[in-house]
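Notes to accompany the following structure.
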Ligand SMILES: *Cc1c(COP(=O)(O)O)cnc(C)c1O
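In our numbering, the protein residues as written are 3 to 684.
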């Protein structure tokens with residue numbers, strides 16, 4: 003019995019032999035199974051030297067051409083299905099040319115490439131499903147996996163104790179392959195895989211255990227389709243970087259990594275996490291004495307040197323501060339950071355998310371006006387909208403998620419469309435681009451409450467929304483230590499050219515800033531719901547780790563939801579599960595994440611309560627977006643006073659528990675949630 007087997011999905015490049023790539027698929031300390039990549043056949047001596055242990059090569063159609071034509075290996079296995087696929091794939095000419103170019107670039111044997119036309123009657127041994135062979139004392143069995151069509155390995159090598167798989171584990175390959183079926187097979191078959199770092203083959207002895215979550219993470223990475231350039235990891239003593247793809251990685255030279263990183267930076271600007279820390283401009287220059295965070299100007303008012311100065315600030319001739327309800331430097335720093343996050347024209351902060359919501363709605367609507375909203379909104383918002391009846395404002399809920407349903411609700415009197423990026427507890431996802439299109443056809447703005455996603459997961463402004471509201475009490479703050487809200491104007495909407503210009507009379511001199519000026523002058527200064535400097539400061543601190551927290555919270559939510567979804571007697575609703583009707587939309591719209599909130603239906607209210615009471619690692623509270631995991635029973639709390647219709651629209655059921663997933667270690671959450679569910683007495 004061998005102690006350790008390699009399943010780490012690495013592609014290796016040998017530095018001395020540039021252009022040589024291969025993946026270690028499986029192996030023991032005695033031997034390795036490789037999937038071949040570019041150039042390996044021509045550089046056998048490097049491979050031999052590099053690996054130091056005997057190895058065999060297995061292959062798939064994707065790489066046939068790189069090895070078979072000039073195959074120098076005694077042991078070479080290929081699955082017949084792969085050969086057949088390759089013959090049908092028509093890709094040969096293309097691949098031949100690609101290889102010729104590559105060979106030329108890397109000074110490999112180009113003459114050999116010409117012989118490739120003959121390779122389709124392979125001399126290599128073919129292996130059928132179930133074939134087993136001995137690899138340096140390790141008994142391996144070959145299983146053909148479905149679903150790989152382009153370049154990913156079609157062999158699964160199985161040993162009694164654990165899974166050994168090819169680079170179908172490698173998200174980089176998945177980017178080009180329809181390998182999700184393969185993944186299903188893997189997930190269905192194995193519960194645990196062992197991986198060990200490459201160093202083992204160079205004399206090290208570390209082992210790393212890969213939990214099931216690994217598979218989910220890898221799948222998620224496939225969808226992301228981009229390298230996370232922020233997370234290079236320097237390997238000490240070697241001139242290489244590891245680019246992390248979740249649990250997987252690729253080793254490339256420092257030089258290449260840098261060049262690629264630079265190219266990416268030029269194409270897209272700095273990454274969002276970089277911007278959360280550094281901002282669009284150098285923050286050291288904007289804060290006195292180089293303070294890294296904005297100082298807390300905990301004052302109600304500001305003194306001026308002379309009468310002229312205060313008169314100039316009041317008259318708008320000079321920038322400055324008079325009174326904290328109007329503006330305050332700490333609050334302004336938070337507003338500017340939120341504006342960077344959402345990519346807007348300007349942002350105004352309020353004392354709470356509800357204050358931000360009422361500022362926008364009351365600021366744009368008059369009596370006898372109508373507006374359209376998606377159903378299933380945050381309960382506080384529904385209550386706010388209910389109160390509008392008193393002012394003669396009519397709200398029309400749309401119960402279907404289709405564009406047609408929204409279109410049908412638009413009348414002459416409609417002034418705006420309102421939706422939430424993700425509604426909870428229904429955990430539905432709004433199709434922002436399509437709603438924006440519809441709103442703009444009707445000449446009205448689209449207002450999006452982005453609280454559940456924040457600008458980190460979705461930038462509604464980029465998708466066409468005109469006003470973005472955040473309850474920054476949630477993910478932006480992150481630690482649950484301050485209530486606040488923001489309103490951002492994305493800058494797309496022609497306010498003064500629209501029918502909404504009638505409420506912007508008083509601020510029309512501000513031109514394109516008319517709406518934002520209205521939000522400050524009439525809705526903040528007159529409305530009075532200003533943010534305290536202390537809370538603005540706490541939110542600035544929170545913003546810096548927003549990406550870090552949300553990445554972890556979303557991957558935790560995905561892993562936990564996927565795990566719980568397998569348990570009998572409950573149902574899990576989460577946009578990250580393929581069973582959710584919002585799965586595709588969420589994948590497209592939410593930066594390839596799915597938010598950190600899901601719901602569980604446990605069968606009865608009693609079971610729901612027992613479940614909540616028995617959890618170790620979840621706080622029972624009605625908040626969301628905090629870094630700790632929280633559960634609540636919406637039917638007996640937030641939705642207590644909702645009508646049966648409102649409950650149905652919001653997806654509130656008597657047996658439903660909402661989970662806001664935190665940053666705890668995922669293993670702890672899985673064990674806690676799963677064992678609590680398995681041991682319910684009710
Ligand atoms: C919490 C929340 C609000 C209200 O924000 P507060 O900061 O609590 O006033 C509005 N919308 C959504 C989606 C929320 O989750």
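Each residue gets a CB set at the ideal place from its N, CA and C atoms; glycine is no exception.
Problem set entry | Residue from 456, 408, 541, 390 whose Cα sits closest to the Cα of residue 595 | In the chain shown, the residue the question calls residue 595 occupies position 593. Closest by alpha carbon: 456.
Problem set entry | Contiguous beta strand (DSSP E) assignments of at least 3 residues, all confined to the stretch 487-536 | 487-491
Exercise. Heavy atom of ligand 1 less than 6 Å from the Cβ of residue 354, yes or no?
Worked result: Stepping through the chain shown from its first residue, residue 354 is reached at position 352. Relative to the non-hydrogen atoms of ligand 1, the Cβ of residue 354 comes within a distance shorter than 6 Å of at least one.
For this session: Could you name the residues of the same chain whose beta carbon sits closer than 6 Å to that of residue 445, not counting the 5 residues immediately before and after it, in chain order?
Result: For the purposes of this step, residue 445 is identified with residue 443 of the chain shown, where counting begins at 1. Result list for residue 445: 500, in chain order.
For this session: Note down the Cα distance separating residue 553 from residue 318, rounded to an integer number of angstroms.
Result: Walking along the chain shown from the start, residue 553 turns up at place 551. Walking along the chain shown from the start, residue 318 turns up at place 316. Near 42 Å, if we compare the C-alpha coordinates of residue 318 and residue 553.
Problem set entry | Cβ contact (3+ pairs, closer than 8 Å) linking the stretch 539-550 and the stretch 651-659 | no
Problem set entry | Cα-Cα separation, residue 622 to residue 610 | By 1-based counting over the chain shown, the position of residue 622 is 620. By 1-based counting over the chain shown, the position of residue 610 is 608. Rounded to the nearest angstrom, the two C-alpha atoms are 12 Å apart.
Exercise. Where does residue 409 land, buried or exposed, given buried means 16+ other C-beta within 10 angstroms?
Worked result: The count along the chain shown starts at 1 and reaches residue 409 at position 407. The residue in question, residue 409, is exposed, as its Cβ has fewer than 16 Cβ neighbours within 10 Å.
Problem set entry | Reduced DSSP category for residue 388 - H, G, I as helix; E, B as strand; rest coil | Position 386 of the chain shown holds residue 388. Residue 388 falls in the helix class under three-state DSSP.
Problem set entry | Member of 520, 561, 367 whose CA lies at the smallest distance from the CA of residue 663 | Start at 1 with the first residue of the chain shown, and residue 663 comes out as number 661. Looking from the CA of residue 663, the closest CA among 520, 561, 367 belongs to 561.
For this session: Note down the Cα distance separating residue 301 from residue 326, rounded to an integer number of angstroms.
Result: Numbered from its first residue, the chain shown carries residue 301 at position 299. Numbered from its first residue, the chain shown carries residue 326 at position 324. Going by the C-alpha atoms only, they are around 7 Å apart.
Exercise. Among the residues of its own chain, which have a CB less than 7 Å from the CB of residue 530, if the five just before and after it don't count?
Worked result: In the chain shown, residue 530 corresponds to position 528, counting from 1. Excluding residues within five positions, the ones whose Cβ falls inside 7 Å are 327.
For this session: Could you pull the start and end residues of the alpha helix (DSSP H) that residue 590 belongs to?
Result: By 1-based counting over the chain shown, the position of residue 590 is 588. Counting along the chain, the alpha helix (DSSP H) containing residue 590 begins and ends at 585-591.
Exercise. Taking DSSP as the reference, what is the three-state secondary structure of residue 616?
Worked result: Here residue 616 corresponds to residue number 614 of the chain shown, with the count starting at 1. Three-state DSSP puts residue 616 in a helix.
For this session: Please list, in chain order, all residues of the same chain as residue 281 whose beta carbon is under 7 Å from its beta carbon, the five residues on each side excluded.
Result: Along the chain shown, read from residue 1 onward, the residue named residue 281 stands at position 279. The residues are 339, 342.
For this session: Can you tell me which of the three DSSP states residue 415 falls into?
Result: By 1-based counting over the chain shown, the position of residue 415 is 413. The answer is coil: DSSP assigns residue 415 none of H, G, I, E or B.
Problem set entry | Buried versus exposed, by CB contacts within 10 Å (16 or more), residue 401 | Residue mapping note: residue 401 aligns to position 399 of the chain shown, counting from 1. Under this definition residue 401 is an exposed residue.
Exercise. Would residue 613 be called buried (16 or more neighbouring beta carbons within 10 Å of its own) or exposed?
Worked result: Working through the chain shown from its first residue, we reach residue 613 at position 611. Residue 613 should be labelled buried.
For this session: Please classify residue 303: is it buried, with 16 or more other beta-carbons within 10 angstroms of its beta-carbon, or exposed?
Result: Here residue 303 corresponds to residue number 301 of the chain shown, with the count starting at 1. In this structure residue 303 is exposed. Its beta-carbon is surrounded by fewer than 16 other beta-carbon atoms within 10 angstroms.
Problem set entry | Closest Cα partner of residue 459 within the set 598, 306, 617 | Residue 459 sits at position 457 when you count from the first residue of the chain shown. The candidate whose alpha carbon is nearest that of residue 459 is 598.
Exercise. How do the stretch 571-591 and the stretch 352-371 stand: do at least 3 beta-carbon pairs fall below 8 Å, yes or no?
Worked result: no
For this session: Mind the definition here: the stretch 677-684 touches the stretch 641-658 only if three or more C-beta pairs lie below 8 Å; say whether that holds.
Result: no
Problem set entry | Beta-carbon gap between residue 383 and residue 488 smaller than 7 Å | Position 381 of the chain shown, counting from 1, holds the residue named residue 383. Position 486 of the chain shown, counting from 1, holds the residue named residue 488. Cβ atoms of residue 383 and residue 488: not closer than 7 Å.
Exercise. If you count every other CB in all the chains shown that lies within 10 Å of the CB of residue 330, and 16 or more means buried, which is it?
Worked result: Here residue 330 refers to the residue found at position 328 when the chain shown is read from its first residue. Buried is the call here.
Problem set entry | residue 626 in three-state terms, based on DSSP | Sequence index remark: in the chain shown, residue 626 carries index 624 (1-based). If DSSP states are grouped into helix, strand and coil, residue 626 belongs with coil.
Exercise. Count the other CB atoms within 10 Å of the CB of residue 392; is the residue buried (16 or more) or exposed (fewer)?
Worked result: Taking the chain shown and counting its residues from 1, the one referred to as residue 392 is at position 390. Exposed.
For this session: Say yes only if the C-beta of residue 430 is nearer than 6 Å to one or more non-hydrogen atoms of ligand 1, and no if none qualify.
Result: Taking the first residue of the chain shown as position 1, residue 430 is located at position 428. Every heavy atom of ligand 1 is 6 Å or more from the Cβ of residue 430, so no.
Exercise. So, are the CB atoms of residue 344 and residue 463 less than 7 Å apart?
Worked result: For the purposes of this step, residue 344 is taken as residue 342 along the chain shown, with counting starting at 1. For the purposes of this step, residue 463 is taken as residue 461 along the chain shown, with counting starting at 1. Cβ atoms of residue 344 and residue 463: closer than 7 Å.
Exercise. CA-CA distance, residue 323 and residue 315?
Worked result: Residue mapping note: residue 323 aligns to position 321 of the chain shown, counting from 1. Residue mapping note: residue 315 aligns to position 313 of the chain shown, counting from 1. Their backbone Cα atoms lie some 7 Å apart in a straight line.
Exercise. By a C-beta neighbour count over all protein chains shown, 10 Å radius and 16 as the cutoff for buried, is residue 447 buried or exposed?
Worked result: Here residue 447 is taken as the residue at index 445 of the chain shown, counted from 1. Buried, because 16 or more other Cβ atoms sit within 10 Å of the Cβ of residue 447.
For this session: Check whether the Cβ of residue 380 lies closer than 6 Å to any heavy atom of ligand 1, and answer yes or no.
Result: Position 378 of the chain shown, counting from 1, holds the residue named residue 380. Yes.
For this session: Find out if the Cβ-Cβ distance for the pair residue 545, residue 333 is shorter than 7 Å.
Result: To locate residue 545, count along the chain shown from 1; it is residue 543. To locate residue 333, count along the chain shown from 1; it is residue 331. For residue 545 and residue 333, no; Cβs fall outside 7 Å.
Exercise. What are the start and end residues of the alpha helix (DSSP H) that includes residue 555?
Worked result: Reading the chain shown from its first residue, position 553 is the one you call residue 555. 548-567 is the extent of the alpha helix (DSSP H) around residue 555.
Exercise. Are residue 295 and residue 542 touching if we call contact CB-CB under 7 Å?
Worked result: Residue 295 sits at position 293 when you count from the first residue of the chain shown. Residue 542 sits at position 540 when you count from the first residue of the chain shown. Yes, the pair counts as a contact, with Cβ atoms nearer than the cut-off.
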